[in-house]
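Notes follow the structure.
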Amino acid sequence: MIRIRFIFLVVSLMATGSVQCSIVIADDTLSPTGMKPAVVEVKHELERWFSETTPTWLRTYRELHQSPELSFEEKATSQYIADRWRDDGYVVVTNVGGFGVVATMENGPGATVMLRCDMDALPVTEQTPFPFASTKKVTQSDGTTVGVMHACGHDIHMTNVLAVSHFLATHRDHWSGRLMLIAQPAEERGAGARSMLDDGLFQRFVKPDYAIALHVGHDLPAGQVSLMPGYSQANVDSVDITMHGRGGHGSAPETTIDPIVMASMLVVDLQTIVSREISPRKPAVITVGSIHGGTKHNIIGDECHLQLTVRSYDEAVRQHLLEAIERKAKSIATGFRADAPTVTRSEGTPSLENDHELAARMRDVFAAAIGKDQVGTSEPSMGGEDFSRYGKQGVPILMYRLGTVESARLKRYEKLEIPPPSLHSSQYYPDAEKSLRTAFMTMTAATLELLKPAP
C-alpha cells in the first residue's frame, strides 16, 4: 500500500491587489495502480455486518465441525452448503465431480470471480476440549475404527465462504459481474479438483477470470494473513517400487538375490539425486516413507517394496526426479543380475503458483481491509494443494494463509519450547471468531475489488 501525502502551496491574488498564501494537505491511500481499493469505502460496513452476524457464523462453524465427512463421502456437508446458497438466491448445481457443489450469481457486467472452499475431513480422533468436538467414528477397510475430524481447517474454509457469499448476495449494489462458488470434495486425497474439472466444471458452467481461496495456518497468529507471489505449494508425486530378487535360506545368501539389500542400497542412492543432480536453487525432496520386505529372521524373500513421496516446484525438475528414481532402481537391479524392478508413479497434485499480478494487488487490498501490519509474506511450502489445478487451466489464482491461533496461545507454546499443534493433529483448533472475522474481511475485500462496478 502506498500512502501519499500531497502538500500544495496555494497562492491567490486578492481583489485588493494583495497576495494570500495557504497550505493544503491531502492524504490518501493508493494501490500501485493509483486507485483506492474498493474495500476502503465499505470497510466499516463490513466490520459492523460481521459483528452483528457473528453468532450465525460461529453456529455454522460448530455445526460443520461436529459433522465431518471423509473424502468423496461429503453427502450431508454438500447438502448443507447447497441449501444455504439456494436460500441466498444462487443458482446451485450439486453432485459435480462427486459431491461437489457449484453456485453462481449474475449481477450485471463485469468479471467472473470464483471462491473455493473444500469440504472433506480426516481420519483423526479429535482430542480438543470443546463441547462441539467431533465424536464421529468410521470403520476402515482393514476393520479398525477411527475418529473423523476437521483437523485441517476445512470447517473454517466452508464457514468463511458461506459468510462472504451471504454478504455479497444481500449487498448486490456493492459489486458487478458474476460470482462462482465452489464447495470441493476430496482435497485431502488431492483428487477433488480434478474430479470437478473432469466433470466439466469450466465447460458446463463458466471459466472464471480469477479464483481465490485461503488455507488456515497453525503457526500464524489469528488476525493476520500472509501470501506470496509465485510458487506456494509443490508438485506431489507418489512412487511405488518393487525390487525383485530370488528368495532362499538366510544361511545361504550366495544362492539368492537379496531384494532387501538392493532396496537398502537404493534408499541411500536416491539421496544423491537431489544433492548431486538438481540445482540447489531449485527445491526438491525425495523421501522414502515406507520399506517392507521379508517375513522371518532366516528367510530371504523374493521381493522388497518401497513407497516414496517426491516433491518439486518446477516441471522440468519434477520429470528429472521421476526419471532418475527409475534409473537408479534399474541400475541396482542390473548390478545384482536381478529382474527389472516394478516402478509405478501416481500423480498427486501439481505445484501451486500464485499469479504475480493478482498477489500484488491483493496484498494492497488486504492491507486496506485489516491493516498493513497484519499482512505478511508466506514461506513457500513443499506441501501440496489441489487448488493448483484451477491455475493449470489458465485461471489467475491466489491462495493465501489465514492465521488461526491467538498470539497469547502461540507465546505459551514458545515459552514451553514446544511447537503448536500442527494441521492434521488431533489437538489442533482455531480461535474461531477472530479467524473467521479476518477471513471474511480479506476474502470479501478481494471479491469486491475484482468485481468493482464501473464508475
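Quick note on numbering: the sequence shown equals residues -21 to -1, 1 to 434 in mature numbering (1 follows the signal peptide of the UniProt record, and there is no 0). Glycine residues also receive a C-beta, built at the ideal position from the N, C-alpha and C atoms. Here the structure is a predicted model, which is why all the values come from computation and not from measurement.
So, under 8 Å CB-CB, residue i and residue j are touching, yes? Tell me the CB distance rounded to an integer number of Å.
{"i": "Val384", "j": "Pro399", "result": "6 Å"}
{"i": "Ile265", "j": "Leu300", "result": "6 Å"}
{"i": "Gln212", "j": "Leu331", "result": "4 Å"}
{"i": "Asp308", "j": "Pro320", "result": "Looking at the sequence itself, residue 308 is Ala, so the reference to Asp does not match. Right, the Cβ-Cβ distance comes to about 4 Å (below 8 Å), so this counts as a contact."}
{"i": "Val289", "j": "Glu305", "result": "About 11 Å; that fails the 8 Å criterion."}
{"i": "Thr107", "j": "Thr39", "result": "That belief does not hold up - the Cβ atoms of Thr107 and Thr39 are roughly 18 Å apart, past 8 Å."}
{"i": "Ser217", "j": "Ser325", "result": "4 Å"}
{"i": "Pro375", "j": "Leu337", "result": "5 Å"}
{"i": "Glu428", "j": "Pro88", "result": "The Cβ separation is near 16 Å, so there is no contact."}
I need the DSSP call for residue i, collapsed to helix, strand or coil.
{"i": "Asn333", "result": "strand"}
{"i": "Ile239", "result": "helix"}
{"i": "residue 436", "result": "A question about residue 436 goes unanswered here, because the residues of the chain that appear run from -21 up to 434."}
{"i": "Val103", "result": "coil"}
{"i": "Leu180", "result": "helix"}
{"i": "Glu53", "result": "coil"}
{"i": "Tyr69", "result": "coil"}
{"i": "Arg416", "result": "helix"}
{"i": "Met207", "result": "coil"}
{"i": "Gly171", "result": "helix"}
{"i": "Asn74", "result": "strand"}
{"i": "Gly314", "result": "helix"}
{"i": "Val215", "result": "strand"}
{"i": "Ala139", "result": "Contrary to the premise, residue 139 reads as Asn rather than Ala in this sequence. The answer is helix: DSSP assigns Asn139 an H, G or I state."}
{"i": "Thr274", "result": "coil"}
{"i": "Thr221", "result": "strand"}
{"i": "Gln163", "result": "strand"}
{"i": "Met378", "result": "strand"}
{"i": "Asp97", "result": "strand"}
{"i": "Gly196", "result": "strand"}
{"i": "Met361", "result": "coil"}
{"i": "Gly268", "result": "strand"}
From the options, pick the residue whose C-alpha is nearest to that of residue i; which is it?
{"i": "Met241", "options": "Gly272, Glu332, Ser144", "result": "Gly272"}
{"i": "Val80", "options": "Glu305, Ser57, Asp152", "result": "Ser57"}
{"i": "Phe315", "options": "Met244, Val72, Phe184", "result": "Met244"}
{"i": "Ala387", "options": "His150, Glu166, Ala201", "result": "Ala201"}
{"i": "Leu415", "options": "Gly196, Glu428, Lys275", "result": "Gly196"}
{"i": "Ser258", "options": "Arg225, Ala295, Ala55", "result": "Ala295"}
{"i": "Glu393", "options": "Glu85, Leu199, Ser357", "result": "Leu199"}
{"i": "Phe181", "options": "Thr91, Trp28, Glu396", "result": "Thr91"}
{"i": "Asp188", "options": "Gln372, Ser405, Lys390", "result": "Gln372"}
{"i": "Ser360", "options": "Lys351, Ala263, Ser404, Gly370", "result": "Ala263"}
{"i": "Phe366", "options": "Thr251, Tyr210, Tyr408", "result": "Tyr210"}
{"i": "Gly370", "options": "Arg255, Asn333, Glu167, Lys275", "result": "Asn333"}
{"i": "Ala339", "options": "Tyr59, Gly68, Val354, Ala312", "result": "Val354"}
{"i": "Ile135", "options": "Pro375, Ser325, Thr32, Leu37", "result": "Leu37"}
{"i": "Asp152", "options": "Arg168, Thr33, Val21, Thr32", "result": "Val21"}
{"i": "Trp64", "options": "Ala148, Gly89, Glu364", "result": "Ala148"}
{"i": "Thr235", "options": "Ala317, Asp352, Glu396", "result": "Ala317"}
{"i": "Ile311", "options": "Ile220, Thr32, Thr328, Thr274", "result": "Ile220"}
{"i": "Thr73", "options": "Arg183, Thr313, Pro34, Tyr408", "result": "Arg183"}
{"i": "Gly362", "options": "Arg391, Pro434, Arg255, Glu167", "result": "Glu167"}
Quick one: residues in its chain with C-beta nearer than 6 Å to the C-beta of residue i, no 5 flanking neighbours on either side, listed in chain order?
{"i": "Cys283", "result": "Met222, Pro238, Ile239, Ala242, Gly272"}
{"i": "Asn277", "result": "Gly229"}
{"i": "Gly76", "result": "Ser174, Met175, Asp178"}
{"i": "Arg297", "result": "Asn214, Ser291"}
{"i": "Pro432", "result": "Ser155"}
{"i": "Ala165", "result": "Ser50, Phe51, Asp99, Gly171"}
{"i": "His83", "result": "Note that residue 83 corresponds to Thr in the displayed sequence, not to His. Cβ neighbours of Thr83 beyond the five flanking positions: Val70, Met159."}
{"i": "Arg157", "result": "Glu85, Thr91"}
{"i": "Lys261", "result": "Asp293, Val296"}
{"i": "Phe29", "result": "Arg416, Phe419"}
{"i": "Lys413", "result": "Ala201, Gly202"}
{"i": "Ile60", "result": "Val80, Ala162"}
{"i": "Leu402", "result": "Cys131, His197"}
Residues in the same chain with beta-carbon distance under 8 Å from residue i, minus the five sequence neighbours each way, listed in chain order, please.
{"i": "residue 437", "result": "Nothing about residue 437 can be read from this structure; the chain reaches only from -21 to 434."}
{"i": "Val267", "result": "Val246, Leu249, Leu285, Gln286, Leu287"}
{"i": "Thr356", "result": "Ser205, Leu206, Met207"}
{"i": "Asp281", "result": "His223, Gly224, Arg225, Gly226, Pro238"}
{"i": "Thr426", "result": "Val92, Leu94, Val143, Leu147, Trp154, Leu158, Ile191"}
{"i": "Leu389", "result": "Asp198, Pro200, Pro399"}
In its own chain, which residues sit with a C-beta less than 7 Å from the C-beta of residue i, not counting the 5 before and 5 after it?
{"i": "Phe111", "result": "Arg41, His44, Gln45"}
{"i": "Glu53", "result": "Phe78, Met98, Asp99, Pro164"}
{"i": "Arg342", "result": "Leu206, Val354"}
{"i": "residue 471", "result": "Since the first residue of the chain shown is -21 and the last is 434, residue 471 is not available in this structure."}
Should residue i be counted as a contact of the ligand ADP given a C-beta to heavy atom distance under 6 Å?
{"i": "Ile257", "result": "By its list of ligands, the structure shown contains no ligand whatsoever, and the ligand ADP lies outside what it can speak to."}
Quiz item: When the Cβ atoms of the stretch 175 to 185 are set against those of the stretch 40 to 54, are three or more pairs found closer than 8 Å?
Solution: no
Practice problem: Say whether the stretch 201 to 208 touches the stretch 368 to 381, bearing in mind that this needs 3 or more beta-carbon pairs closer than 8 Å, one atom from each stretch. | Solution: yes
Quiz item: Can at least three beta-carbon pairs, one atom from the stretch 136 to 146 and one from the stretch 105 to 122, be found at a separation below 8 Å?
Solution: no
Quiz item: Between the stretch 96 to 107 and the stretch 118 to 134, do three or more beta carbon pairs fall short of 8 Å?
Solution: yes
Practice problem: Could you say if the stretch 83 to 98 and the stretch 188 to 201 meet the contact criterion of at least three C-beta pairs nearer than 8 Å? | Solution: yes
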